[in-house]
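In our numbering, the protein residues as written are 44 to 588.
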């Protein structure tokens, strides 16, 4: 009982005390201290370090020398050429095809290419081409024309040498339809044909190295429908020797023998030997120079011409910027003139024409080349030349349908301002254009007969997804001077010619084509009294195999 009474008294005292303090808890600071320490025993080493290997010192001691190395690379100026998109052979990966078509003016077309399959070490090929027009712009058959070519070619490549050669036959036919209006002669009396048989061979090193060369020889025999014939024999040697980086020696040599015979001309050998050595080097990182000379030895007798001629051969290219290059040159040479070349330019030349080489005494040019990103380049420039014994075509006064070849036996001064643009986009779209402006100052001729004052040409090609191939060309020229039947000087009508064509691939082997020439139906003359054909349309097909 006593214990119960004492317990009740103690509880009463505690409750009284809490009530007196208002029930608040006193401030208390508690500090927790952790004095535990983990102690691990020392582990035994289970490996041994490998000590460095003892070595004897190198005698004598190695000495290092650091020399500055100057690397000079030649100026590289890419020559961008317009890409020719092939709608047939290139698509199939082969160069074997046959192409045939027909158009107005009774114009059949046949183009055949054959080549052996296999690697590139050896190959043989055959080409056959025929294009003719049964009628023309003047009196139907009296202005018919045609061209046929047949050729065999081959090559063989070894470890050191490469040999290639070709054998060709060509037949070009036309009519002298430049007679006065209303006086149509018999077709047989105005026929003209030039037939040519030629072969050539070349030998060169198969791999480029410090020494490179190419030697060649060719023979060509040409004869016309009447009495003219000409033999052309050529031998050539070109090569270069690399001295070091950015420096090389170049050599070009050529010897030609020409002999022409006609009804009033006896065969007389015409010799032309040309040698052109030069040194090409880069004295500065962005500058490339060419210093050389040209020599010519010939036996033409026009204007009491001397036999030996010496010409400069100087050229420079300076890369101002990665996209801008300046170029300039001063050269000269003896330019070969033959019945081969003149009849190729004008098939209506008269019999017994005079043949003399052109002495290009001085030829200076310069300009700038602009790189247009990855698309292509543009070129702007000008040239000035002094030409001795330059030739011109002029209608015969007694037979206006034929042309004499006359020479300015003084110095003809020719100035040419030109611009060129070449663009290619992903090898699908290709565009090129060039414009030339000419000015002539003759010394012993009244005019630069049948030489244009301006010439413009543009070409666009488009390949659409490998199926559709489109191409178009625009040509313009004008300012040519000639003489009419009364001997008065006249200016020929300007030429404006638009051509276009389209090829569509039906399969990987078969395609069809449609092309048109002179779509503007312009009757401009190529020479005095010789208008061209009007609109020409041709359709056909191509088989690649």
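For every residue, glycine included, the Cβ atom is placed at its ideal position computed from N, Cα and C.
Length of the line joining the Cα atoms of residue 337 and residue 491: The residue you call residue 337 lines up with position 294 of the chain shown. The residue you call residue 491 lines up with position 448 of the chain shown. Roughly 27 Å between the two C-alpha positions.
Contacting residues, own chain, Cβ-Cβ under 6 Å from residue 372 (five flanking each side not counted): As a working note, residue 372 is residue 329 in the chain shown. Result list for residue 372: 358, 408, in chain order.
Exposed unless 16 or more other CB atoms sit within 10 angstroms - verdict on residue 448: Your numbering for residue 448 matches position 405 in the chain shown. That one is buried.
Euclidean distance between Cα positions of residue 586 and residue 188: As a working mapping, residue 586 is identified with position 543 in the chain shown. As a working mapping, residue 188 is identified with position 145 in the chain shown. Approximately 27 Å between the Cα atoms of the pair.
Outcome for residue 451 when other beta-carbon atoms lying within 10 angstroms are tallied against a minimum of 16: Taking the first residue of the chain shown as position 1, residue 451 is located at position 408. Label assigned to residue 451: buried.
Contact under 8 Å by Cβ, residue 425 with residue 402: Taking the chain shown and counting its residues from 1, one reaches residue 425 at position 382. Taking the chain shown and counting its residues from 1, one reaches residue 402 at position 359. Residue 425 is not a Cβ neighbour of residue 402, given a cutoff of 8 Å.
Three or more C-beta pairs below 8 Å linking the stretch 376-390 and the stretch 415-424: Cβ pair count under 8 Å is below three, so no.
Proximal residues to residue 439 (C-beta, below 8 Å), its chain only, five neighbours per side dropped: Walking along the chain shown from the start, residue 439 turns up at place 396. Cβ-Cβ distances below 8 Å link residue 439 to 393, 445, 446, 447 in the same chain, with the five nearest sequence neighbours on each side left out; the list follows chain order.
Inter-residue CB distance, residue 523 and residue 535 (contact presumed, cutoff 8 Å): The residue you call residue 523 lines up with position 480 of the chain shown. The residue you call residue 535 lines up with position 492 of the chain shown. That pair is a contact at about 5 Å.
Cβ-based burial, residue 572 [other Cβ within 10 Å; buried from 16]: Along the chain shown, one-based indexing puts residue 572 at 529. Classification for residue 572: buried.
Classification of residue 495 by the beta-carbon crowding that lies within 10 angstroms, buried from 16 upward: Locating residue 495 in the chain shown gives position 452, where the first residue counts as 1. It is buried - the Cβ of residue 495 has at least 16 other Cβ atoms within 10 Å.
Where the alpha helix (DSSP H) containing residue 252 begins and where it ends: For the purposes of this step, residue 252 is taken as residue 209 along the chain shown, with counting starting at 1. From DSSP, residue 252 is part of no alpha helix (DSSP H); its letter is neither H nor E.
Proximity of residue 178 and residue 184 at Cβ, strictly below 8 Å: Taking the chain shown and counting its residues from 1, the one referred to as residue 178 is at position 135. Taking the chain shown and counting its residues from 1, the one referred to as residue 184 is at position 141. It is a contact, given that the beta carbons lie within the stated cut-off.
Alpha carbon of residue 400 to alpha carbon of residue 380, nearest angstrom: Here residue 400 refers to the residue found at position 357 of the chain shown. Here residue 380 refers to the residue found at position 337 of the chain shown. Taking the straight line from one Cα to the other gives about 5 Å.
Cβ distance (whole Å) where residue 621 is taken to contact residue 322 below 8 Å: Absent from the structure is residue 621, since the part of the chain shown begins at 44 and ends at 588.
CB-CB length for residue 527 against residue 533, believed under 8 Å: As a position in the chain shown, residue 527 is number 484, starting the count at 1. As a position in the chain shown, residue 533 is number 490, starting the count at 1. Contact holds; Cβ gap of about 5 Å.
Sufficient close CB pairs (3 or more, under 8 Å) joining the stretch 347-354 to the stretch 238-252: Judged by pairs of C-beta atoms under 8 Å, the stretch 347-354 does not touch the stretch 238-252, as fewer than three such pairs exist.
Close beta carbons around residue 284, own chain, < 7 Å, minus the five adjacent residues each side: Working through the chain shown from its first residue, we reach residue 284 at position 241. So the list reads 253, 254, 291, 292, once near-sequence residues are dropped.
Whole-angstrom distance between residue 342 and residue 505, CA atom to CA atom: As a working mapping, residue 505 is identified with position 462 in the chain shown. As a working mapping, residue 342 is identified with position 299 in the chain shown. Going from the Cα of residue 505 to the Cα of residue 342 covers about 50 Å.
Among 530, 397, 538, 307, nearest to residue 520 - alpha-carbon criterion: In the chain shown, counting from the first residue as 1, residue 520 sits at position 477. Minimum Cα distance to residue 520 is reached at 538.
Three-way DSSP call (helix, strand, coil) for residue 587 in this model: Counting from one through the chain shown, the residue named residue 587 turns up at place 544. Reduced to three states, the DSSP call for residue 587 is strand.
Inter-residue spacing [alpha-carbon to alpha-carbon] between residue 215 and residue 172: As a first step, residue 215 must be located in the chain shown, where it is residue number 172. As a first step, residue 172 must be located in the chain shown, where it is residue number 129. If I take the Cα positions, the gap works out to 12 Å.
According to DSSP, residues forming a beta bridge with residue 523: Residue numbering aside, residue 523 sits at position 480 when the chain shown is read from its first letter. None; residue 523 has no bridge partner.
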